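Q: The structure is given below, and queries will be raised subsequently.
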Amino acid sequence: MLGRPQGAVMTSTTLETHDAQAPLPEIRGFKLIRLINRGGMSSVYLGEQIALGREVAIKVMAPHALADETSRRRFENEVRTIARLEHPHVVRIHDVGRTSTGLPYYTMPHLARGHLGRRNFKGDEARVIAILRTLLSALDYAHSRGVVHRDVKAENVLFDEADRPLLADFGIALRRGFGARVTSAGLAVGSTAYMAPEQARGEEVDGRADLYSLGVLAWEMLTGLLPYRAADALSMAVMHAQDPIPKLPTPLRHWQRFMNRALAKMPADRFANVAEMSAALDRIERHRGWPLLVSLGDRATRLGRSLRGRRGLWTAVATVAVIGTAYALVGGGIGRPDFLTLGTTNEATATSPADAVAPMLRPLPEAPLQTALEDARRQLTQRKLLKPVGDNARASVLAAWRVDPSSQQVREVLDAVTTALGDAAAAAVQSGDDAKAREYMAGARQLGEQTGTATSDAQREVMAQAAKAIDTRMRAKETRFDRTGARATADLARDVGLPAAAISRLVSRADALPATGEPVPGDPAGSVIGSTGIALARHPVTVGDYDRFARATRREAALCREKISVLRVIKPRSWREPGFSQSDTDPVVCVSQADAEAFARWRSEQTGHRYRLPTAAEALALGADTGDRPVSLWSRDCGPSCSRRAALGASWRSGQGRRVLPGDRGYDDIGFRLLREL
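If you read the sequence shown in full-length UniProt numbering, its first letter stands for residue 1, the second for the next number, and so on.
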């Protein structure tokens with residue numbers, strides 16, 4: 001068609017240059033033959049589906065059109081939605097996938113008869129109406145399923161072998177969340193030449209945006225020209241939003257009322273749906289006699305001027321004109337109430353608000369801002385704060401801030417991301433994941449520095465949370481006498497940026513804790529610090545300690561003789577009378593392993609600390625001092641079965657370092673000591 005915008009159709013010279021310079025993409029299962037067309041967001045190739053041996057058109061998205069994995073997956077989901085559309089005038093999508101380099105593509109039938117932009121329907125109103133009805137049928141089907149095309153234009157109306165028009169290439173990449181609002185460096189002029197003002201501004205659109213584009217297409221088919229013509233995309237979009245709706249040539253003025261509604265600036269002033277636009281087409285078809293009347297009248301006037309002085313001939317011509325006029329008036333329905341209003345253009349001035357262009361003239365686009373904010377909110381919900389690369393809340397809100405630092409929405413989401421990073425850092429501090437804590441705090445700090453919000457309330461709250469979490473963790477380390485952990489906590493405070501005074505206090509608290517081998521302050525068992533998380537008594541439990549336990553619990557004494565010994569009956573032994581004299585400060589003996597564990601439970605209940613017998617490994621890490629009369633000590637370790645328990649260390653009776661003995665009786669050379677879990 002005439003009057004097409006530059007850049008809307010790729011020339012053969014351009015294609016040849018591209019073929020010579022760029023290799024064809026590689027797609028498993030397809031053989032790519034040549035480039036058919038290339039636009040700002042994608043390229044279309046002729047290819048062959050190898051398994052079926054059929055020609056297909058393969059649309060491959062440009063790398064910059066879908067720059068991250070999230071947008072690519074969203075794109076593929078949209079393609080699958082479109083692929084479910086089954087209508088005789090919608091081009092089917094065969095397949096969707098990725099090229100060898102990871103670019104999304106989809107395939108569709110190759111329709112070699114070309115697109116609407118290469119045909120001329122000027123003067124053929126019947127054919128124009130037929131094509132519009134076909135496209136309206138396809139749009140009605142799509143709209144009823146919640147799908148808006150978003151890119152109705154001449155290049156997306158293709159013809160099959162039967163010369164039937166089919167609607168192709170639903171504007172997936174122009175959906176909210178994929179593309180930017182129109183800028184001079186953005187979409188091709190070919191798309192903006194048909195684009196509704198609200199879509200150019202990056203706003204949400206519905207089916208009325210498609211009807212606007214169809215109105216532009218109708219104008220182009222009727223006149224051979226676009227209603228608005230400009231050199232670049234932004235100028236084109238501004239004209240659609242600001243300039244009055246043009247007037248059609250006189251022979252087409254019966255279409256003016258249709259155009260005034262189809263091309264209204266505000267969606268509310270347009271045809272509400274396909275049915276309304278179809279009804280308007282019906283009225284145009286019924287009243288197509290009116291332009292014939294005008295044409296006849298004009299021709300009669302010109303003929304009359306040429307016949308001046310020829311009264312008889314002029315009379316005959318006038319008679320024919322009157323008869324023709326009467327026929328046109330009667331056949332055209334002049335009696336209908338709306339007949340004389342077809343050419344009114346009041347809607348043109350009513351639907352061109354001056355402020356509609358303002359959003360498009362802002363220096364930065366709105367749609368990328370909304371996309372970035374939506375991504376950031378989604379990533380916050382998914383707890384993707386710093387990772388993965390290209391799909392995290394920090395990167396998204398930073399992108400939004402770069403678009404519009406003054407936006408209230410940006411500030412709110414920026415605070416939310418900052419707070420979430422602070423929460424995550426505090427949780428990592430409490431769980432002991434220092435690497436994560438440093439990462440989250442660094443992320444929050446860098447976000448503040450990059451956006452000029454380092455002193456914001458949200459940033460101050462992050463630091464306050466970190467200080468509180470570190471103090472809580474330090475108190476836990478102090479409770480457990482974990483000097484190593486306390487020093488690591490002080491180091492973490494330094495790394496996350498706490499004030500110097502706070503760090504100094506934390507270091508002092510860490511240094512005040514006992515080191516390994518030093519006694520635990522106030523411990524009734526006299527425990528000393530062992531390996532991480534434990535303290536072990538150097539001395540066994542004494543007779544005096546055990547006596548208090550036995551009296552408090554009324555625990556019966558275990559037997560301390562061999563079962564086969566006659567003395568077991570005549571002169572029994574117990575912890576009170578082991579067969580030799582003892583003072584209250586001597587190690588208690590003649591207690592079973594079960595007695596020792598019962599004592600540990602009682603001591604735990606009395607003190608609120610956790611006591612138990614040590615394992616062999618724990619006992620060997622810190623040797624015991626059993627006094628002048630050495631005794632072995634019960635451990636938690638079992639023998640072949642847990643009816644037999646291990647006693648560790650040489651005694652006055654045995655030089656063995658480890659003995660496995662029945663644990664249900666006492667021995668006069670075996671006592672026990674306690675381990676405290678810190």
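For glycine and all other residues, C-beta sits at the position ideal for the given N, C-alpha and C. Being a predicted model, the structure only gives us computed values, none of them experimental.
Determine the extent of the alpha helix (DSSP H) in which Gln593 is found, giving its start and end residues.
A: It spans Gln593 to Thr607 - the alpha helix (DSSP H) in which Gln593 sits, taken as one unbroken run.
Q: Confirm, please, whether the CB-CB distance from Ala437 to Ala428 is below 8 Å.
A: Taking 8 Å as the Cβ cut-off, Ala428 and Ala437 qualify as a contacting pair.
Q: With a CB to CB cut of under 7 Å and the five nearest residues on each side skipped, what residues in its chain are close to Arg383?
A: Around Arg383: no qualifying Cβ.
Q: Which residues mark the beginning and the end of the beta strand (DSSP E) in which Glu55 is found?
A: Looking at the DSSP string, the run of the beta strand (DSSP E) that includes Glu55 is Arg54 to Met61.
Q: Can you give me the start and stop residues for the alpha helix (DSSP H) that Phe30 sits inside?
A: From DSSP, Phe30 is part of no alpha helix (DSSP H) but of the beta strand (DSSP E) over Phe30 to Arg38.
Q: Distance check for Trp255 and Glu125, CA to CA, integer angstroms please.
A: So the alpha carbons of these two residues sit roughly 10 Å apart.
Q: Against chain B, with Cβ distances strictly below 8 Å, would Lys571 count as a contact?
A: Absent here is chain B; the protein component of the structure consists of one chain.
Q: Three-state secondary structure (DSSP) at Leu556?
A: For clarity, residue 556 is Glu in the given sequence; the question names Leu instead. The answer is coil: DSSP assigns Glu556 none of H, G, I, E or B.
Q: Arg270 and Leu214: beta carbons closer than 8 Å?
A: No; because the gap between Cβ atoms is not below 8 Å, this pair is not in contact.
Q: Taking the alpha carbon of Ala646 as the point to measure from, which residue in Ala464, Asp625, Ala416 and Ala619 has its own alpha carbon closest?
A: Nearest C-alpha to Ala646: Ala619.
Q: Measuring alpha carbon to alpha carbon, tell me which residue in Gly627, Ala596 and Gly608 is nearest Ser635.
A: When only C-alpha atoms are compared, the closest one is Ala596.
Q: So what does DSSP say about Glu449, is it helix, strand or coil?
A: Note: Glu449 maps to helix in three-state DSSP.
Q: Pick helix, strand or coil for Arg150, following the three-state DSSP scheme.
A: DSSP places Arg150 in coil when its eight states are reduced to three.
Q: Rounded to a whole number of angstroms, what is the C-alpha to C-alpha distance between Val205 and Glu198?
A: So the alpha carbons of these two residues sit roughly 7 Å apart.
Q: Where Val403 and Pro368 are concerned, what is the direct C-alpha to C-alpha distance, given to the nearest angstrom?
A: C-alpha separation (whole angstroms): 8 Å.
Q: Can at least three beta-carbon pairs, one atom from the segment 93-104 and one from the segment 386-393, be found at a separation below 8 Å?
A: Touching, no.
Q: DSSP beta-bridge partners for Leu46?
A: Arg34 and Ala57.
Q: Return the Cβ separation of Leu386 and Val397 in integer angstroms, given the expectation that the two are a contact with Cβ distance under 8 Å.
A: With a Cβ gap of about 12 Å, Leu386 and Val397 do not count as contacting.
Q: Can you tell me the Cα-Cα spacing of Arg665 and Asp495, whole angstroms?
A: Approximately 56 Å between the Cα atoms of the pair.
Q: What's the C-alpha gap between Leu661 and Pro499?
A: Rounded to the nearest angstrom, the two C-alpha atoms are 58 Å apart.
Q: Give me the DSSP bridge partner(s) of Val96.
A: DSSP output for Val96 lists Tyr106 as bridge partner(s).
Q: List the endpoints of the continuous alpha helix (DSSP H) containing Glu220.
A: Note, Glu220: alpha helix (DSSP H), Gly207 to Thr223.
Q: Helix, strand or coil, according to DSSP, for Val157 in the structure here?
A: Of the three classes helix, strand and coil, the one that applies to Val157 here is strand, per DSSP.
Q: Could you work out which residue in Thr479, Met41, Tyr141 and Asn156 is closest to Gly608 when comparing CA atoms only?
A: Of Thr479, Met41, Tyr141 and Asn156, the residue nearest in Cα terms is Thr479.
Q: Using 8 Å as the threshold, is the C-beta distance between Leu613 and Leu678 below it?
A: No, Cβ-Cβ distance for Leu613 and Leu678 is not below 8 Å.
Q: Per DSSP, what kind of secondary structure is Ser527 in: helix, strand or coil?
A: In the structure shown, Ser527 sits in a strand (DSSP, three-state: E or B).
Q: If we count Cβ pairs, one from each stretch, closer than 8 Å, do we get three or more for the segment 129-140 versus the segment 46-66?
A: These segments do not touch.
Q: On the three-state DSSP scale, how would you describe Arg402?
A: It is helical.
Q: Quick check: the segment 367-381 against the segment 34-49, are there 3 or more CB pairs under 8 Å?
A: At 8 Å Cβ cutoff, the stretches do not touch.
Q: Thinking C-beta only, is His149 closer than 8 Å to Leu166?
A: No, the Cβ-Cβ distance between Leu166 and His149 is not below 8 Å.
Q: Taking buried to mean at least 16 other C-beta atoms within 10 Å of its own C-beta, is Gly533 buried or exposed?
A: Under this definition Gly533 is an exposed residue.
Q: Quick check: what's the CA-CA separation for residue 684 versus Ala512?
A: Here the chain covers residues 1 to 678 and nothing more, so residue 684 does not appear.
Q: With a cut-off of 8 Å, do at least 3 Cβ pairs link the segment 508-524 to the segment 450-470?
A: The segment 508-524 vs the segment 450-470: no contact.
Q: What's the call for Ser531, buried or exposed, on a 16-neighbour Cβ count within 10 Å?
A: The residue is exposed, with fewer than 16 neighbouring Cβ atoms inside 10 Å.
Q: Mapping DSSP to helix, strand and coil, what is Pro662?
A: Looking at Pro662 - three-state DSSP - the assignment turns out to be strand.
Q: Three-state secondary structure (DSSP) at Val588?
A: Correct three-state label for Val588: coil.
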